[in-house]
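Number of protein chains: 2
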Amino acid sequence: MASMHPGHGRRTKVFCFFSSEKKDFLALMIDDLIYDANGLIPAITQQHDTGEVLMLAWMNRESIAETLATGSVCYWSRSRQKLWRKGETSGQTQRLVELRADCDADALLLLVDQQGVACHTGHRSCFYTAFRDGRAVETAPAETDPAALYGS
Amino acid sequence: MASMHPGHGRRTKVFCFFSSEKKDFLALMIDDLIYDANGLIPAITQQHDTGEVLMLAWMNRESIAETLATGSVCYWSRSRQKLWRKGETSGQTQRLVELRADCDADALLLLVDQQGVACHTGHRSCFYTAFRDGRAVETAPAETDPAALYGS
Numbered sequence: 000m001a002s003m004h005p006g007h008g009r010r011t012k013v014f015c016f017f018s019s020e021k022k023d024f025l026a027l028m029i030d031d032l033i034y035d036a037n038g039l040i041p042a043i044t045q046q047h048d049t050g051e052v053l054m055l056a057w058m059n060r061e062s063i064a065e066t067l068a069t070g071s072v073c074y075w076s077r078s079r080q081k082l083w084r085k086g087e088t089s090g091q092t093q094r095l096v097e098l099r100a101d102c103d104a105d106a107l108l109l110l111v112d113q114q115g116v117a118c119h120t121g122h123r124s125c126f127y128t129a130f131r132d133g134r135a136v137e138t139a140p141a142e143t144d145p146a147a148l149y150g151s
Numbered sequence: 000m001a002s003m004h005p006g007h008g009r010r011t012k013v014f015c016f017f018s019s020e021k022k023d024f025l026a027l028m029i030d031d032l033i034y035d036a037n038g039l040i041p042a043i044t045q046q047h048d049t050g051e052v053l054m055l056a057w058m059n060r061e062s063i064a065e066t067l068a069t070g071s072v073c074y075w076s077r078s079r080q081k082l083w084r085k086g087e088t089s090g091q092t093q094r095l096v097e098l099r100a101d102c103d104a105d106a107l108l109l110l111v112d113q114q115g116v117a118c119h120t121g122h123r124s125c126f127y128t129a130f131r132d133g134r135a136v137e138t139a140p141a142e143t144d145p146a147a148l149y150g151s
């Protein structure tokens, strides 16, 4: 996937660096996915080399297109109702390594290279709470102070 | 997590083998999760030792309680609108190793030991379609004939 978007910035108009053939394929691929009533599809984000599941978020057609065009992961924020360019504020960006879809085309798997931490709490992964023997356990400590990420 | 449900079958009444303290904790934990308007929460299923993401499915309160009580993963089937005891027909069950929740408590990560294949197509993982260089690529072949799994 990285070879499809060599070096151009995240604000680039979608698809503009692709050949016509690739543009057509990607537009069709995006159209072929199954979205919910809000036009969203869930996306699992996994660190490409370690296999760590970092987060689950949501994408719409526009955020998928932008992610493919720029190579930097962009979600749809349900709480803010706008594109969520991951790391835009915190610097903790995700470089897309590969996009996969599941057998029903209603879920995505993003293999990424995570810069720093994925979670707004400062944890590497959002899934740091495990339920073990009748209690909640933190599987790993926060790696970064959230105040340092968001300046608050 | 495995120590919480030693050896009893999947039809066991939920929580009946837990101590009162564990029952209370698990009931609270299930209540504390954030469900969508249909009472569902997305669950990522990952092979506990290899890190392979196997599938994404949905759970409701009842399926989470059953999964914790039996140690065998049970989802909620949105298409059939009923509990989906994974592997009940195909034999391809998932033994729960650990349940995790994300920072917002609106997504689950199930670490499991997958018996056979997770996907109804016979692939080990449902995420076997990658988009590479403008085309869809099968990342791994099917390991099992679906007809052998479902007898059709």
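Each protein sequence line maps, in turn, to chains Z and F.
Residue 0 is where the first sequence starts when you use numbering that gives the first Met the number 0, and the numbers rise one by one after that.
Residue 0 is where the second sequence starts when you use numbering that gives the first Met the number 0, and the numbers rise one by one after that.
Glycine is no exception: its CB is placed at the ideal position from the N, C-alpha and C atoms.
Rounded C-alpha distance that separates residue i from residue j
i: L108(Z); j: C102(Z); result: 11 angstroms
i: I63(F); j: M28(Z); result: 33 angstroms
i: T69(Z); j: E51(F); result: 26 angstroms
i: F24(Z); j: D31(Z); result: 10 angstroms
i: R10(Z); j: E65(Z); result: In this prediction, R10(Z) scores a pLDDT of 32, lower than 50, which makes its location untrustworthy; no coordinate-derived value is stated.
i: T143(F); j: E137(F); result: 15 angstroms
i: V96(Z); j: E20(F); result: 45 angstroms
i: P140(F); j: A26(F); result: 41 angstroms
i: T88(F); j: L39(F); result: 23 angstroms
i: T92(F); j: A146(Z); result: 43 angstroms
i: M58(Z); j: I33(Z); result: 11 angstroms
i: E61(Z); j: A104(Z); result: 17 angstroms
i: M54(Z); j: Q113(Z); result: 11 angstroms
i: D48(F); j: T49(Z); result: 12 angstroms
i: H122(Z); j: C125(F); result: 28 angstroms
i: D35(Z); j: L67(Z); result: 21 angstroms
i: L148(Z); j: L148(F); result: 49 angstroms
i: R94(Z); j: R94(F); result: 33 angstroms
i: L98(Z); j: Q45(F); result: 17 angstroms
Local Cβ density within 10 Å of residue i, reported as buried at 16 or more and exposed below that
i: A100(Z); result: buried
i: P41(F); result: buried
i: N37(F); result: exposed
i: R79(Z); result: exposed
i: G90(F); result: exposed
i: Y127(F); result: buried
i: P5(F); result: Residue placement at P5(F) cannot be trusted, given a pLDDT of 30 that sits under 50; the coordinates are not used to answer.
i: I43(Z); result: buried
i: V111(F); result: buried
i: A56(Z); result: buried
i: G150(F); result: exposed
i: A106(Z); result: buried
Interface flag, residue i vs chain Z, CB-CB below 9 angstroms
i: K21(F); result: yes
i: L148(F); result: no
i: L67(F); result: yes
Within chain F, partners of residue i - CB distance below 7 angstroms
i: V52(Z); result: I43, Q45, V52 and L108
Contacts that residue i makes with chain Z (C-beta to C-beta distance below 9 angstroms)
i: D101(F); result: M54, L55, C118, S124, C125, F126, Y127 and T128
8 angstroms Cβ cut-off: residues of chain Z touching residue i
i: E97(F); result: A129, F130 and R131
9 angstroms Cβ cutoff, residue i in contact with chain F
i: R134(Z); result: yes
i: T143(Z); result: no
i: P140(Z); result: no
i: L82(Z); result: no
i: T49(Z); result: yes
i: L25(Z); result: yes
Proximal chain F residues relative to residue i, where beta-carbon distance stays under 8 angstroms
i: G28(Z); result: One point to set straight first is that residue 28(Z) is Met, not Gly, in the sequence displayed. Ordered by position in chain F, the residues that pass the 8 angstroms Cβ test against M28(Z) are F130 and A135.
Short CB-CB distance (under 9 angstroms) between residue i and chain C
i: P41(F); result: No chain C is present in this structure, whose protein chains are Z and F.
Check: residue i C-beta below 8 angstroms from any heavy atom of the ligand GTP
i: T92(F); result: Of ligands this structure carries none, so the ligand GTP is not represented either.
So, do the segment 79 to 86 of chain Z and the segment 112 to 119 of chain F have three or more beta carbon pairs nearer to each other than 8 angstroms?
-> no
At least 3 beta-carbon pairs within less than 8 angstroms: the segment 67 to 76 of chain Z vs the segment 123 to 132 of chain Z = no
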